[in-house]
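Notes follow the structure.
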Amino acid sequence: MYNDSVLGVAAAEASMPIRSNLSFTCNHVNLYYGSFQALKDINLKIERNKITALIGPSGCGKSTFLRTLNRMNDLVPGCRVEGEIMLDGVDAYKDVDPIVLRRHVGMVFQQPNPFPKSIYDNVAYGPRLKGITKKAELDEIVETSLRQAAIWDELKDRLKKSALGLSGGQQQRLCIARALAVNPEVLLMDEATSALDPISTAHIEDLALELKKKYTVIMVTHNMQQAKRIADRTAFFYLGEMVEYGDTQQIFDNPQKERTIRYVSGNFG
Amino acid sequence: MDTSRQQNMFRREYLGKGIATVCGLFLIVLTIAIGCFLLGKGSLTFTQFDHSITEFLFSSQWKPSDTEAGGGQVGALIFIVGSILTCALALLISVPFSLCTAIFMTKISPQLGEKIIRPAVEIFVGIPSVVYGWVGLVVLVPLIKTVFHVQHGQSVLAAAIVLAVMIYPTITSVSADAIRSVNSKYIEGAYGLGSTRWQMIYKVLLPAASTGILTAIVLGLARAFGEALAVSMVIGKMRAFPDSLLAPTNNLTSAIASDMGGAMDGGEFNAALWSMALLLFIISLVFILIIHALSGRKGAAA
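Protein chains in written order, with the working numbering: chain V, 40 to 308; chain S, 9 to 310.
Listed below in structure tokens is the structure:
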């Protein structure tokens, strides 16, 4: 139904020989919910195989921006996006169907949301969408994905059990495995640890550090310590604008903009 | 002055509480009374007239004598089969339509669903059954007669279609509620993995709403089983097993409705009809228990 083996023909051919170190390139991105402008002229280059953290106070547009990257905002009635979001040289809003885009840009949500199905069926959900039906092939994808999410050893004996019986932290790692099973290039994490306890949070953070070897990770977090611990690059959003973007250490130790200084020092407002 | 006002306040408190309690208890007593009454009347066939339950349920010989002496035959299998057949066929026709409507009005076009379909479905529920039966008799029955070239249009098929139309709004509105109440995080998750809308609907939404949808189907089935008037107008009321879906037959409710006036009180015929009423009561009780079991399971899953 959808040819999603490659994002676009041009991209596949162009990006193969000289693989750019950039994942997303956003130019002058504006986003409106009806008449309300939620994102204002965002320009951002996201590097491949790095963890990029988006921080900022509630309502600053960081989650909205994350959701423009896999076009989840398309589902919101009255939402309009202007500007250019390029992924591997392909315009995510012009050259590619959102369904295909989402198979390349996976997402993990704030609330762990495994489907009310077995653990196995949760992980196999994405591959089955792509038309993979052979059991051996699915078995292999399920195992690899669960291993990548560092949860295979915990779950290998209960794959047929309902995913709703897992703890919150396990559910979230299962959701990461489910996203990885689609074989994306980018993994978006929307405050993926905010509903979890400190130990589960540490698991997910370790996992993100492991995953960046193979994937590009972009995470929204309200926890500045978390950004400091694991992110390579950090972008600070405020009132729909991207105020400052740079290496995480620089953003926290030597911020350049007045608003960033006040936010990271905790003296906001 | 102050004490009398207080007294007045307490009097009202007790009066209000008392009336509410009495009404509540009355409902419980009434339900139990109807159950006991049906049990008493319906069991006469087996106690006073000495028929076996097996004969009643599995024999098709229906010749109850209209005397207190008894001695007739009370096999109600034809009516039971008639009820089951019409209801099963009605479900088969109605469920796909109802589910598709429920999906359309909740996920495909919620605006149209809220503005037009939901009110339309509510009006549908309010139409009296005699109207359904009458329309069935003057429109459906002649249509079946001409389309299939049968002698009478009154048939299992006619009854099933009328029932299907009658239970369609029930199943639609309850399923739509079940679909609406599916947590949106499942829907987001499905889209996030690259599902198309239809993949989201049939792989995530419908399974997540399945207990609610089952409840809707059982509710529709209960309504179909208990419907007498509309069915009796189009089923043909012939005491024979139908040899095809186009043949007339009879069912439990129609048989009771048409014969209760003519059967002598205290006679075997009368007792046999009461046994059929008892059977209907037990069947609807079972349906209600199934619904409770389903909603209990839903609560446990959430």
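Heads up, the beta-carbon is just placed ideally off N, CA and C, and yes, glycines get one too.
Top-ranked residue by Cα proximity to residue i, from the options
i	options	result
residue 285 of chain V	V/68, V/235, V/94, V/222	V/94
residue 240 of chain S	S/128, S/169, S/180, S/14	S/169
residue 249 of chain S	S/202, S/225, S/91, S/31	S/91
residue 64 of chain S	S/279, S/23, S/300, S/227	S/279
residue 178 of chain S	S/223, S/146, S/198	S/223
residue 225 of chain V	V/105, V/74, V/162	V/105
residue 193 of chain V	V/171, V/158, V/173, V/174	V/158
residue 3 of chain S	S/49, S/233, S/144, S/148	Residue 3 of chain S lies beyond the stretch modelled for chain S, which goes from 9 to 310, so this question has no answer here.
residue 184 of chain S	S/261, S/127, S/113, S/272	S/113
residue 254 of chain S	S/273, S/242, S/204	S/242
residue 153 of chain V	V/208, V/292, V/120	V/208
residue 184 of chain V	V/200, V/205, V/160	V/160
residue 261 of chain V	V/84, V/66, V/97	V/97
residue 78 of chain V	V/278, V/283, V/145	V/278
residue 263 of chain S	S/221, S/59, S/86, S/46	S/86
residue 178 of chain V	V/168, V/170, V/116, V/163	V/163
residue 180 of chain S	S/83, S/200, S/227	S/227
residue 163 of chain S	S/245, S/72, S/37	S/245
Residue-level contact to chain V via CB, residue i, 7 Å cutoff
i	result
residue 203 of chain S	yes
residue 200 of chain S	yes
residue 119 of chain S	no
residue 115 of chain S	no
residue 216 of chain S	yes
residue 212 of chain S	yes
residue 193 of chain S	yes
residue 72 of chain S	no
residue 207 of chain S	yes
residue 310 of chain S	Residue placement at residue 310 of chain S is poorly supported in this model, since its pLDDT is 41, which falls under 50; the coordinates still yield a value, given next. Chain V contact via Cβ: absent.
residue 303 of chain S	no
Min CB distance residue i to chain S below 7 Å
i	result
residue 221 of chain V	yes
residue 297 of chain V	no
residue 142 of chain V	yes
residue 138 of chain V	yes
residue 294 of chain V	no
residue 155 of chain V	yes
Amino acids of chain C, ordered along the chain, whose beta-carbon sits closer than 9 Å to that of residue i
i	result
residue 196 of chain S	Absent here is chain C; the protein component of the structure consists of chains V and S.
Residue(s) in a DSSP beta bridge with residue i
i	result
residue 288 of chain S	Residue 288 of chain S is not bridged to any residue.
residue 66 of chain V	V/123
residue 225 of chain V	V/144, V/255
residue 76 of chain V	V/71
residue 213 of chain S	None; residue 213 of chain S has no bridge partner.
residue 201 of chain V	V/157
residue 61 of chain V	V/86
Report the residue ranges of all beta strand (DSSP E) runs contained in full by the stretch 105-143 of chain V; include only those spanning at least 3 residues, in chain order. Fully enclosed beta strand (DSSP E) runs of 3 or longer: 118-126.
Which ranges would you report for the alpha helix (DSSP H) in the stretch 137-188 of chain V if only whole runs of at least 4 residues count? Every alpha helix (DSSP H) stretch that sits fully inside the stretch 137-188 of chain V and reaches 4 residues is listed by chain position as 137-143, 158-168, 174-187.
If you scan the stretch 78-109 of chain V from start to end, which runs of the alpha helix (DSSP H) of 4 or more residues do you find wholly inside it? Fully enclosed alpha helix (DSSP H) runs of 4 or longer: 101-108.
Which runs of the alpha helix (DSSP H) spanning at least 4 residues fall entirely within the stretch 238-303 of chain V, listed in chain order? Segments of the alpha helix (DSSP H) lying fully in the stretch 238-303 of chain V: 263-269, 287-292, 297-303.
Where in the stretch 71-159 of chain S do unbroken runs of the beta strand (DSSP E), each at least 3 residues long, occur, reported from the N-terminal end onward? Listed in chain order, there is nothing to give.
Which residues of the stretch 165-184 of chain V have a Cβ closer than 9 Å to any Cβ of chain S? Give them in chain order. Taking 9 Å as the Cβ-Cβ cut-off, the stretch 165-184 of chain V approaches chain S at 165, 167, 168, 169, given in chain order.
Report the residue ranges of all beta strand (DSSP E) runs contained in full by the stretch 220-287 of chain S; include only those spanning at least 3 residues, in chain order. For the stretch 220-287 of chain S, not one full-length beta strand (DSSP E) segment reaches 3 residues or more.
Report the residues of the stretch 255-288 of chain V with a CB closer than 8 Å to any CB of chain S, ordered along the chain. Per Cβ criterion, the list is empty.
Which residues, taken in chain order from the stretch 191-225 of chain V, show a beta carbon closer than 8 Å to some beta carbon of chain S? Residues passing the 8 Å Cβ filter: 203, 214, 217, 218, 221.
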